[in-house]
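**Q**
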Amino acid sequence: MKYTGDKSFASIIEAKEFLKAYDQYEKYNVGRLAVINKTENRFIGWCGLKYSQNVNEYDIGFRFFRKYWNKGYATETSKACIDFGFRKLGLNKIIGRAMKENIASIKVLEKIGLIYMKDFDFDRHSGVIYEITKNKYEQTIANR
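Everything in the sequence shown is counted per the UniProt record's numbering, starting at 1 for the first residue and increasing by one.
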């Protein structure tokens with residue numbers, strides 16, 4: 001939670017209430033999706049797209065338990081979500097945000113093809129915004 005700007009849920013009840021009110025799937029056909037390690041049959045984190053109506057943009061996000069960091073899960077699941085956004089939903093642009101000090105997340109954003117655009121205020125921390133357009137994504141796919 002250190003790099004997210006979010007606070008942890010105070011209780012299971014609070015988490016359940018959040019999930020009941022979560023409307024990204026119904027409204028925008030996107031959302032944060034559970035990532036399950038099939039070998040262990042265990043929830044290891046989440047990844048997915050989220051729509052922010054106030055700025056009219058879709059962003060890629062991911063969080064994994066520390067035990068599963070540096071194993072490629074964020075990169076692979078993010079690639080699948082980016083592909084879904086462009087190929088299935090017809091999106092034109094997807095952005096990614098990270099705190100500047102979160103080097104690991106920035107590396108993931110770069111690995112999945114997002115390009116640095118600008119700095120921004122991330123809840124009173126220095127942040128960066130990266131993006132990928134549908135055209136850039138299609139060029140990247142064509143060059144593989």
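Glycine included, each C-beta is placed from N, C-alpha and C at the ideal position.
1) Which term fits Arg87, buried or exposed, when burial requires 16 or more other beta carbons within 10 angstroms of its beta carbon?
2) Mind reading off the beta-carbon distance from Cys81 to Leu109? Whole number of angstroms is fine, and I expect it under 8 angstroms.
3) Buried or exposed: Arg124, going by 16 or more other Cβ atoms within 10 Å of its Cβ?
4) Grab me the residues of Lys67's own chain with a C-beta within less than 8 angstroms of its C-beta, minus the 5 sequence neighbours each way, in chain order.
5) What residues in its chain sit with their C-beta under 8 angstroms from that of Thr75, if we drop five residues either side in the sequence?
6) Which residues in the same chain as Tyr137 place their Cβ atom closer than 6 angstroms to its Cβ, once the five residues preceding and following it in sequence are excluded?
7) Could I get the ranges of all uninterrupted beta strand (DSSP E) runs contained in the region 69–132, with 3 residues as the minimum, in chain order?
8) Helix, strand or coil: which one does DSSP assign to Lys2?
9) Check whether the Cβ atoms of Arg32 and Gly72 sit closer than 8 angstroms, and answer yes or no.
10) Buried or exposed: which applies to Ala34, given that a residue is buried once 16 or more other Cβ atoms fall within 10 Å of its Cβ?
11) In three-state terms, what does DSSP make of Glu26?
12) In chain order, what residues of the same chain have a beta carbon less than 6 angstroms from the beta carbon of Lys79, not counting five sequence neighbours either side?
13) Excluding sequence positions up to five away, which residues of its chain have a Cβ less than 6 angstroms from the Cβ of Lys118?
14) For residue 150, does the count of other Cβ atoms within 10 angstroms reach 16, so buried, or fall short, so exposed?
15) When the Cα atoms are used, what is the spatial distance from Thr39 to Ile13?
**A** Concretely, from the data shown:
1) Residue 87 sits at position 87 when you count from the first residue of the sequence shown. By the 10 Å Cβ count, Arg87 comes out exposed.
2) Counting from one through the sequence shown, the residue named residue 81 turns up at place 81. Counting from one through the sequence shown, the residue named residue 109 turns up at place 109. Contact flag wrong, Cβ pair sits at about 12 angstroms.
3) Counting from 1 along the sequence shown, the entry for residue 124 is found at position 124. Counting Cβ neighbours within 10 Å, Arg124 comes out exposed, since fewer than 16 surround it.
4) As a working mapping, residue 67 is identified with position 67 in the sequence shown. Cβ within range, chain order: Ile44.
5) Start at 1 with the first residue of the sequence shown, and residue 75 comes out as number 75. So the qualifying residues of the chain are Val108, Lys111, Ile112.
6) Against the sequence shown, residue 137 aligns to sequence position 137. So the list reads Phe86, once near-sequence residues are dropped.
7) 93–99, 115–122
8) Sequence index remark: in the sequence shown, residue 2 carries index 2 (1-based). Its pLDDT being 44, under 50, Lys2 is placed unreliably in this model, and the coordinates cannot settle the point.
9) If you number the sequence shown from 1, residue 32 lands on position 32. If you number the sequence shown from 1, residue 72 lands on position 72. Not in contact: Arg32 and Gly72 (Cβ atoms no closer than 8 angstroms).
10) To locate residue 34, count along the sequence shown from 1; it is residue 34. Per the 10 Å Cβ criterion, exposed.
11) As a first step, residue 26 is located in the sequence shown; it is residue number 26 there, counting from the start. It is helical.
12) What you label residue 79 is simply residue 79 of the sequence shown in a count that begins at 1. The answer, listed in chain order, is Ile112.
13) If you number the sequence shown from 1, residue 118 lands on position 118. Answer for Lys118: Ile129, listed in chain order.
14) Missing from the structure shown is residue 150; the chain here goes from 1 to 144 and no further.
15) As a working mapping, residue 39 is identified with position 39 in the sequence shown. As a working mapping, residue 13 is identified with position 13 in the sequence shown. Going from the Cα of Thr39 to the Cα of Ile13 covers about 30 angstroms.
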